[in-house]
Amino acid sequence: MDAYDGVSNAPHEPTEPQVPRESHTSAEPHTAAEPHMPPEPHMPPEPRAAAGADAPTAPAAPTEPAAPADPPPPGPYDEARTGVAALSLRYQIAAALTLAVVAVTVCAHVGMVFLHIAPSNTLTKQHGKAVYDWINPEFEQNWMLFAPNPLQQNIAVQVRAQVRTAEGGTRTTGWYDLSAQDGRDIDGNLLPSHTQQNELRRAWDFFVATHDSQNRATSVRGSLSETYLRRILVLRLGRQEAAGPGGAVERVQARSRTTNVRPPKWSREQVPGNSVYRELSWWSVPAGEATGGVR
Numbered sequence: 082m083d084a085y086d087g088v089s090n091a092p093h094e095p096t097e098p099q100v101p102r103e104s105h106t107s108a109e110p111h112t113a114a115e116p117h118m119p120p121e122p123h124m125p126p127e128p129r130a131a132a133g134a135d136a137p138t139a140p141a142a143p144t145e146p147a148a149p150a151d152p153p154p155p156g157p158y159d160e161a162r163t164g165v166a167a168l169s170l171r172y173q174i175a176a177a178l179t180l181a182v183v184a185v186t187v188c189a190h191v192g193m194v195f196l197h198i199a200p201s202n203t204l205t206k207q208h209g210k211a212v213y214d215w216i217n218p219e220f221e222q223n224w225m226l227f228a229p230n231p232l233q234q235n236i237a238v239q240v241r242a243q244v245r246t247a248e249g250g251t252r253t254t255g256w257y258d259l260s261a262q263d264g265r266d267i268d269g270n271l272l273p274s275h276t277q278q279n280e281l282r283r284a285w286d287f288f289v290a291t292h293d294s295q296n297r298a299t300s301v302r303g304s305l306s307e308t309y310l311r312r313i314l315v316l317r318l319g320r321q322e323a324a325g326p327g328g329a330v331e332r333v334q335a336r337s338r339t340t341n342v343r344p345p346k347w348s349r350e351q352v353p354g355n356s357v358y359r360e361l362s363w364w365s366v367p368a369g370e371a372t373g374g375v376r
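Each residue of the sequence shown is one higher than the last, beginning at 82 in our numbering.
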């Protein structure tokens with residue numbers, strides 16, 4: 082029997098590799114006989130067509146756009162520094178020291194002002210001179226905390242002069258009531274001058290505060306108060322033309338007249354009604370002031 086006529090059970094010797102014949106009766110090729118092929122690249126599976134693919138499909142509902150993702154939080158150095166924080170460490174220390182000095186100075190000043198206007202206490206008795214030197218003259222205060230009753234006296238400042246006349250003689254003028262003159266200038270004036278109201282009064286208060294009852298200076302400011310008051314008196318006499326034509330003021334003398342204000346009728350307070358005078362000594366007028374006041 083020929084080996085190609087049928088299937089033989091006899092063993093065959095190894096021969097050259099034979100190409101398998103295609104079988105015409107099988108619908109699919111025999112995979113065992115196919116040569117080894119490299120795997121095809123993986124492709125994503127195509128979506129399966131739904132049943133009835135030929136039927137028209139309904140339009141898909143519009144989808145809302147996805148919300149944008151929040152940006153990442155800024156880092157610790159992303160924000161720009163402003164103010165003192167923008168300065169270098171050296172300048173930050175300098176700024177802190179400056180603010181500390183200013184704060185301490187302000188607190189000290191407020192404390193000094195409080196002690197100055199407060200009633201007498203242990204601190205003002207022990208450190209009264211330091212408080213006075215700090216406040217005066219730049220930060221002088223004209224009011225007091227817990228002040229007693231307001232001033233119930235009328236104090237009028239008067240002056241007279243010894244003048245040298247044009248003929249060479251000497252005469253003494255009468256008393257000029259300068260406070261009354263200031264009062265007449267203020268009465269009926271809608272905008273009175275601050276100088277007219279306070280210049281003479283403050284000068285007299287300055288003199289009284291720096292002198293005792295015997296008109297002796299109690300501090301180094303005593304001579305200053307005398308000079309200040311004398312110049313105001315000579316200036317006011319010059320306005321009144323007290324020396325006359327061709328005359329000159331050689332000496333001046335001031336005095337105060339203190340009169341108590343009568344209490345109201347419903348008050349039981351009793352005060353004396355007489356006037357008290359305080360007369361100062363004669364002051365010589367320098368040659369620069371004798372011709373009619375300070376220039």
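Note that beta-carbon positions come from the ideal geometry of N, C-alpha and C, so glycine has one too.
Taking the DSSP output, what are the residues bridged to residue i?
{"i": "Val240", "result": "Tyr257, Ala335"}
{"i": "Arg297", "result": "Paired residue(s): none; Arg297 is not in a bridge."}
{"i": "Gln234", "result": "Asn341"}
{"i": "Tyr213", "result": "BP columns for Tyr213 are empty, so no partner."}
{"i": "Val357", "result": "Thr339"}
{"i": "Thr251", "result": "Arg245"}
{"i": "Ser365", "result": "Arg332"}
{"i": "His292", "result": "Ala298"}
Between residue i and residue j, is the Cβ-Cβ spacing less than 7 Å?
{"i": "Glu240", "j": "Ala324", "result": "One point to set straight first is that residue 240 is Val, not Glu, in the sequence displayed. Taking 7 Å as the Cβ cut-off, Val240 and Ala324 do not qualify as a contacting pair."}
{"i": "Leu314", "j": "Val333", "result": "yes"}
{"i": "Leu226", "j": "Val212", "result": "no"}
{"i": "Ala247", "j": "Val330", "result": "no"}
{"i": "Glu360", "j": "Arg336", "result": "yes"}
{"i": "Ser306", "j": "Phe287", "result": "yes"}
{"i": "Asp266", "j": "Gln278", "result": "no"}
{"i": "Gln173", "j": "Val165", "result": "yes"}
Counting only beta-carbon atoms, is residue i nearer than 7 Å to chain D?
{"i": "Met225", "result": "Any reference to chain D falls outside this structure, which holds one protein chain only."}
My understanding is that residue i touches residue j, with C-beta atoms under 8 Å, so please give their C-beta distance in whole angstroms.
{"i": "Trp259", "j": "Arg317", "result": "Contrary to the premise, residue 259 reads as Leu rather than Trp in this sequence. About 5 Å separates the two Cβ atoms, so the contact holds."}
{"i": "Arg320", "j": "Trp364", "result": "Rounded, the Cβ-Cβ distance is 18 Å, inconsistent with contact."}
{"i": "Ala261", "j": "Ala284", "result": "Going by Cβ atoms, the distance from Ala261 to Ala284 rounds to 16 Å, so no, they are not a contact pair."}
{"i": "Val194", "j": "Ile216", "result": "7 Å"}
{"i": "Thr291", "j": "Ala298", "result": "6 Å"}
{"i": "Ile198", "j": "Gln233", "result": "Actually they do not touch by this definition, with Cβ atoms about 21 Å apart."}
{"i": "Ser362", "j": "Asn296", "result": "7 Å"}
Ignore the nearest five residues each way along the sequence and tell me which others in residue i's own chain have a CB closer than 8 Å to its CB.
{"i": "Ala134", "result": "The pLDDT assigned to Ala134 is 47, lower than 50, so where the model puts this residue is not dependable, and the model offers no usable value."}
{"i": "Ala175", "result": "none"}
{"i": "Leu384", "result": "A query on residue 384 cannot be resolved here, the shown segment of the chain reaching from 82 to 376 and no further."}
{"i": "Glu280", "result": "Ile313"}
{"i": "Ser304", "result": "Ala298"}
{"i": "Pro200", "result": "Met225, Leu226, Phe227"}
Once the 5 residues before and after residue i are set aside, which same chain residues still bring their CB inside 6 Å of it?
{"i": "Val352", "result": "Asn341"}
{"i": "Val357", "result": "Thr339"}
{"i": "Gly327", "result": "Ala247"}
Can you give me the Cβ contacts of residue i inside the same chain, cut-off strictly under 7 Å, excluding the 5 residues immediately before and after it?
{"i": "Ala371", "result": "Ala329, Val330, Glu331"}
{"i": "Leu204", "result": "Leu196"}
{"i": "Ser378", "result": "Examination of residue 378 is not possible in this model, given that the chain is present from 82 through 376 alone."}
request  = Note down, one range per segment and in chain order, each alpha helix (DSSP H) of at least 4 residues found wholly within the segment 299–336.
outcome  = 303–320
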